[in-house]
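Using this note's numbering, read the sequence shown as starting at 8 and increasing by one per residue.
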Amino acid sequence: MHIDPTGEQVSAFAERDDDMPVFMLNLLRFKPDGGAESYATYAAATAPHLRRVGGEIVWSGACDTALIGPGEPEWDVAAVVRYPSRARFLEMVGDPEYQAITHHRTGALVDSRLIPCAGTVLGA
């Protein structure tokens, strides 16, 4: 299960900063007993930090069973969050005030993925 990044993952993420927007794909599986509620608390508390660095939630929604993939549902929620750059994302997550609320996220999740994506046009 994956909840938080390793130091190596953070370093590799930071090395690729090109001052371009990054879209963070969040895949979340909540603990069955109160996980969704705890994550909602985290999300609400994160909003001012997101605004401070120029980030925004582009889309979020509940996940269904995969059309292509395993037959059992893997994720409860998916979200795409846009940051102006990798550096701005790292600024947010490194802020002590933000760090003080992350226990809500950690306590909410059974498993997660946080996948950085670059904007691109398919077929171009």
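Ideal Cβ placement from N, Cα and C applies to all residues, glycine included.
Presumed contact (8 angstroms Cβ cut-off) between residue i and residue j, rounded CB distance
i: M27; j: S92; result: 7 angstroms
i: A86; j: I64; result: 6 angstroms
i: M99; j: G62; result: 7 angstroms
C-beta atoms of residue i and residue j nearer than 8 angstroms
i: L116; j: L35; result: yes
i: Y49; j: R95; result: no
i: A69; j: V88; result: no
i: V29; j: Y90; result: yes
i: G114; j: S45; result: yes
i: L121; j: N33; result: yes
Nearest to residue i (by Cα), restricted to the options the options
i: F20; options: M8, A125, G130; result: A125
i: I108; options: V60, P77, A47; result: A47
i: Y105; options: Q16, V60, E15, P39; result: V60
Residue i versus residue j - alpha carbon distance
i: S119; j: H110; result: 15 angstroms
i: H9; j: A54; result: 23 angstroms
i: G101; j: T72; result: 35 angstroms
i: W82; j: D11; result: 16 angstroms
i: E22; j: T13; result: 14 angstroms
i: A51; j: G41; result: 16 angstroms
i: L74; j: F37; result: 21 angstroms
i: S18; j: D24; result: 10 angstroms
8 angstroms Cβ cutoff, residue i in contact with chain B
i: H9; result: Of the protein chains in the structure, only one exists, and it is not chain B.
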